[in-house]
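Reviewing the structure listed below.
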Amino acid sequence: MCDQSKPAQPATIACNHGWRDRLPFEDRTDFENARRGFIATFDGDEVRREDGRVVWDFRAYDFQESEEAPDTVNPSLWRLARLNNHTGLFQVCERIYQVRGFDLSNMNIIEGDSGLIIMDPLVSAEVAKAGLELYYQHRPHRPVVAVIYTHSHVDHFGGVKGVISEEEVRSGKVRVYAPEGFMEETVSENVYAGPAMRRRAQYMYGGLLPKGPRGQVDAGLGKGTSRGTVTLIAPTDEISEAFETHTIDGVEIEFQLTPGTEAPAEMNLYFPQWRALCVAENACQCMHNILTIRGALVRDPRIWSYYLGQTLARYGERSDVLFAQHHWPTWGADNIREYLADQRDMYAFLNDETLRLLNHGLTPMDIAEHIKSLPQPLAQRWHARDYYGSVSHNVRAVYQRYMGFYDANPAHLNPLPPVASARRTIEWMGGAEAVLEKARAEFERGEYRWVAEIVNQVVFADPDNAAARELQADTLEQLGYQCENTTWRNAYLTGAQELRKGVKRVPGGQAPDLVRALTPAFFFSLLAIRLDSEKAASQPMTLNWHFPDLDQDFALTVRNGVLTYLEGHRHDNADASVTMGKADLDQVGLGKLTLPQCMQDGRLAVAGDQAKVAALFGMLDQFQSSFNIVTPATLG
């Protein structure tokens, strides 16, 4: 427990107690399903990396044994946290097993005629290996013959080298299946805005918080994310048709492509031999995100709802068990049909009701305040609650998808930036002390949303104001304690912690396998992002870049402070021509070599004006791995 955290205030205690009368806590179906098929749990307390660092701690959430929620946790969230704490190997149905509670996601193991099919091997190799070892302790030890990635998010492929090797794939012993576009989407989501997303993910998942009733208790889709080695092996087979049937080691699988839903590249799977349906991450035991608070492209709830309807129509009458890549399965045909229909209706409502209201002229915050919850009886369904996504954030995301961030009010066309606005606002309100005096009174009345909004202005006007930081931390903390949504709670409490203790500098960096998966085109896109436009504006240049091992050419142009490129082209009169191997480019991406070092030792050959190439390297920006969020961010 954080030594600077505070207890729940009376307003928070009253708020949380009120939740007990709002939802059907007497319904124990989910607890029965979460325990169903249990075989065994991990024999040990931790999974560690080779260097001894802890990857996953199975005892971290032992404090959740009590059914009664503490005052500092929303009772609905506490219920989910306890459900997600069911850990171990479970049997879903005949020949289908599930490893749960080893990571944010689930790893599914399908028994073929001669070997195993692994579906979604978690975030990191260490926990995936531990999960497979647990399976082998209780089932026959047979080789892995195939791996399936259901979609392009890291918690569904990152542990692949814990269950298979690249050599096994190269030799043909193991096939790897993924939806069309998997590699492109996997790389692009983790690269272009990678540093910012990783920083914001610390807030979303609460990875910097202590585990405990006043800290991180859950991550919505699971307990949290493992901290092991993220790996990637490229697919050997891509599913490209709307419906494709393949027989893998005697197991018939019908693949249903669902692009543009929870992930840009995603697919469901149906196993007719066992009347079993896997819905990937298209349906979970909660509301999902239309736009994650860590940042991503806005998802399309309309197409998401459509594909869930298609799944229901095609498989609803033919399924006895539904399982997914998070949470626990649903058994029984009637329950499955109701569940899929609810999930379909949920995303349709978020989309259509937002569009209805924005066409009346309501702004994003108006809409979020108007749509307090899903319609009844959907709002009473546990599998539609705001544990990971939220109605408030999702309706604003739908608005953003269709209308952008601007709400059409001309006063918002060109507002002052946060710090300048904060300083003038606080000055007009009589200064920091006058504002804080009023804010403390509002805090005592439990008006935490307003206090957070106004004291944030004081903090941004004067980040060194200790009284403002402490009051803002106390306020965010109470908001976190009241949250049903795990990601909101984690964000509030992480903000409070950083206001009190400062930003913890965590080393950044991309997973080596993801760096190696970068094509040269992605590399040059990254160079364009890193280019300091002010430095580049006065230094135009044209460069040709050749990769002999790939037989690929690129024509680079730096002009008007931007870098552009064309693949398969060369400038006729380039300032310089660069020749470099892809393997050496990977070493640069991994930070093991710099481009100037490559020039010095001959890995990078330059014909022409070498000073132009050196100038390009000198204009590249470096990103902070731990920038400020609850206090003003700065460049450099």
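The UniProt record's numbering puts the first residue of the sequence shown at 1, with every later residue one more than the last.
Where a beta carbon is used, it is the ideal one built from N, C-alpha and C, also for glycine.
Would you check if the distance between the CB atom of residue i and the CB atom of residue j is smaller than 8 Å?
i: Ile-164; j: Ile-233; result: yes
i: Asp-586; j: Leu-604; result: no
i: His-151; j: Glu-238; result: no
i: Val-55; j: Arg-227; result: yes
i: Leu-556; j: Thr-542; result: yes
i: Leu-517; j: Val-230; result: Sequence inspection shows Ala at residue 517; the Leu mentioned does not correspond to that position. In this structure, Val-230 does not lie closer than 8 Å to Ala-517 by Cβ.
i: residue 638; j: Val-588; result: With the chain represented from 1 up to 636, any question about residue 638 goes unanswered, as that position is not in the structure.
i: Gln-285; j: His-327; result: yes
i: Met-287; j: Arg-385; result: yes
i: Asn-394; j: Ile-290; result: yes
i: Val-279; j: Ala-324; result: yes
i: Val-145; j: Val-176; result: no
i: Asp-45; j: Phe-58; result: yes
i: Pro-301; j: Asn-351; result: yes
i: Tyr-149; j: Phe-182; result: yes
i: Gly-212; j: Asn-84; result: no
i: Tyr-306; j: Leu-355; result: no
i: Ser-76; j: Glu-477; result: no
i: Phe-349; j: Leu-312; result: no
i: Leu-80; j: Thr-494; result: no
i: Asp-342; j: Gly-250; result: no
i: Thr-631; j: Pro-415; result: no
i: Ala-283; j: Glu-185; result: no
Take residue i as the anchor and find which of the options has the nearest alpha-carbon.
i: Ser-525; options: Gly-361, Tyr-565, Asn-560; result: Tyr-565
i: residue 650; options: Ala-60, Thr-261, Arg-82; result: Only positions 1 to 636 of the chain appear in the structure, and residue 650 is not among them; the question remains open.
i: Asp-51; options: Arg-142, Glu-126, Gly-101; result: Glu-126
i: Tyr-406; options: Thr-634, Val-613, Gly-361; result: Gly-361
i: Val-298; options: Gly-389, Gly-316, Gln-376, Ala-528; result: Gly-389
i: Leu-116; options: Leu-104, Ala-128, His-141, Lys-129; result: His-141
i: residue 646; options: Ala-420, Val-455, Gly-446, Arg-449; result: Examination of residue 646 is not possible in this model, given that the chain is present from 1 through 636 alone.
i: Ile-629; options: Ala-491, Gly-215, Asp-575, Arg-530; result: Ala-491
i: residue 638; options: Glu-68, Thr-12, Leu-416; result: With the chain covering only 1 through 636, there is no way to say anything about residue 638.
i: Arg-49; options: Gly-159, Arg-445, Val-515, Ser-626; result: Gly-159
i: Val-147; options: Asp-342, Pro-415, Met-107; result: Met-107
i: Arg-337; options: Met-346, Tyr-347, Glu-353, Asp-320; result: Asp-320
i: Gln-610; options: Ala-574, Met-119, Ile-248; result: Ala-574
i: Phe-627; options: Val-187, Pro-143, Pro-10, Arg-200; result: Arg-200
i: Thr-487; options: Val-47, Gly-224, Tyr-315, Glu-453; result: Gly-224
i: Glu-168; options: Tyr-399, Pro-143, Pro-179; result: Pro-143
If residue i and residue j are in contact, beta carbons under 8 Å, what's the gap, nearest whole angstrom?
i: Leu-308; j: Leu-269; result: With a Cβ gap of about 15 Å, Leu-308 and Leu-269 do not count as contacting.
i: Val-73; j: Tyr-481; result: 7 Å
i: Leu-134; j: Leu-89; result: 5 Å
i: Ala-496; j: Ala-461; result: Their Cβ separation, rounded to whole angstroms, is 19 Å, which puts Ala-496 and Ala-461 out of contact at 8 Å.
i: Ala-536; j: Met-619; result: 5 Å
i: Ala-130; j: Pro-121; result: Incorrect: roughly 11 Å between the Cβ atoms, too far for contact.
Specify the secondary structure class of residue i as computed by DSSP and reduced to three states.
i: Tyr-492; result: helix
i: Pro-596; result: helix
i: Tyr-177; result: strand
i: Tyr-205; result: helix
i: Met-107; result: strand
i: Leu-232; result: coil
i: Gly-509; result: coil
i: Arg-275; result: coil
i: Asn-544; result: strand
i: Cys-2; result: Residue confidence is low: Cys-2 scores 41 on pLDDT, short of 50, so the model does not pin down where it sits. No coordinate-derived value is stated.
i: Glu-453; result: helix
i: Asn-268; result: strand
i: Glu-470; result: helix
i: Asp-57; result: strand
i: Gln-9; result: coil
i: Glu-65; result: coil
i: Glu-252; result: strand
i: Gly-608; result: strand
i: Ala-242; result: coil
i: Trp-78; result: helix
i: Trp-328; result: coil
i: Phe-627; result: coil
i: Met-429; result: coil
i: Lys-582; result: helix
Determine whether the Cβ of residue i lies closer than 8 Å to any Cβ atom of chain C.
i: Phe-547; result: Note that chain C does not occur in the displayed structure, where there is just one protein chain.
Within the chosen definition, does the stretch 193-207 reach the stretch 286-305 through at least 3 CB pairs nearer than 8 Å? yes
Counting beta carbon pairs with one atom in the stretch 272-292 and one in the stretch 91-103, are three or more of them shorter than 8 Å? yes
When you compare the stretch 430-447 with the stretch 369-384, are there three or more beta-carbon pairs, one atom per stretch, that lie closer than 8 Å? no
Counting pairs of Cβ atoms below 8 Å between the stretch 13-22 and the stretch 60-67, do you hit three or more? no
Given 8 Å as the limit, is there contact between the stretch 469-478 and the stretch 192-200, that is, 3 or more CB pairs closer than that? no
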